[in-house]
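**Student:**
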Amino acid sequence: IMKCIVFLLLSVLLVFGKEQEIFMGAFGTAEASCGSLESPCVSLEDSLAQVEETDIIISVAPGYYSGERNTNLNFPHVHVTLQNTDPSGEVIFDCNLLPVGFKASSTLELIGITISNCADTAVEF
1063 IMKCIVFLLL SVLLVFGKEQ EIFMGAFGTA EASCGSLESP CVSLEDSLAQ
1113 VEETDIIISV APGYYSGERN TNLNFPHVHV TLQNTDPSGE VIFDCNLLPV
1163 GFKASSTLEL IGITISNCAD TAVEF
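Just add 1062 to the spot in the sequence shown (first one is 1) and you have my numbering.
1. Over the uninterrupted beta strand (DSSP E) stretch that includes A1111, give me the two end residues.
2. With DSSP as the reference, label S1123 as helix, strand or coil.
3. If the criterion is Cβ atoms closer than 8 angstroms, does the pair N1146 and V1113 meet it?
4. By DSSP's criteria, D1117 is part of a beta bridge. Which residues make up the other side?
5. Between which two residues does the beta strand (DSSP E) containing T1133 stretch?
6. Helix, strand or coil for C1180? Go by DSSP, reduced to three states.
7. Does the distance from the C-beta atom of E1107 to that of V1140 stay below 8 angstroms?
8. Given G1097, which residues of its chain have a CB within under 7 angstroms of its CB, disregarding the five upstream and five downstream residues?
9. Which same chain residues, not among the five before or five after L1144, have their C-beta less than 6 angstroms away from its C-beta?
10. For S1168, count neighbouring Cβ atoms within 10 angstroms of its own Cβ and tell me buried if that reaches 16, exposed if not.
11. Going by DSSP, what residue range makes up the beta strand (DSSP E) through D1148?
12. Report yes if the CB atom of F1164 is closer than 8 angstroms to the CB atom of L1135, and no otherwise.
Printed below as a string of structure tokens:
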């Protein structure tokens, strides 16, 4: 019985402890299969389209991201981490005076990310 309990606990940890990582970069692609390190998504909208029903990490290459495909977007109802892949470079999402940078219905964690020029707020919950 003890072996069954240990196996069950490990199985639960493997299923619920898994995060999906999606890569994004200014020189990426908008193809439906984007998101790998070799073929990053070109926009945040493309990256969010890759989301499964699990917590996600979107690793963003340094660059300047703006426009409707990168701001004023709704994030899925999962824990999302948006992180800079290279601390020596900047990741800037420019709202271009749109009201909101990102709309999150769950937890949104920003690491090394700048959101600028939003008319109202950078993140709306």
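Built from N, CA and C at the ideal position, the CB exists for glycine as well. Source: prediction; values computed, not measured.
**Tutor:** In brief:
1. A1111 -> not in any beta strand (DSSP E); alpha helix (DSSP H) instead, spanning 1106–1111.
2. One detail in the question is off: residue 1123 reads as Ala in this sequence, not Ser. Collapsing the DSSP output to three states places A1123 in coil.
3. Their beta carbons are not under 8 angstroms apart, which means N1146 does not touch V1113 by this criterion.
4. Note: D1117 is not bridge-paired with any residue in the DSSP secondary-structure output.
5. No beta strand (DSSP E) holds T1133; DSSP gives it neither H nor E.
6. Of the three classes helix, strand and coil, the one that applies to C1180 here is coil, per DSSP.
7. One thing to note: E1107 has its Cβ no nearer than 8 angstroms to the Cβ of V1140.
8. Contacts found: I1084, F1085, C1103, S1109, Q1112.
9. So the qualifying residues of the chain are I1120, L1172, I1175.
10. Around the Cβ of S1168, a 10 Å sphere holds fewer than 16 other Cβ atoms; the residue is exposed.
11. Careful: D1148 lies outside any beta strand (DSSP E) and carries neither H nor E.
12. Against a cut-off of 8 angstroms, the Cβ pair of L1135 and F1164 comes out as a contact.
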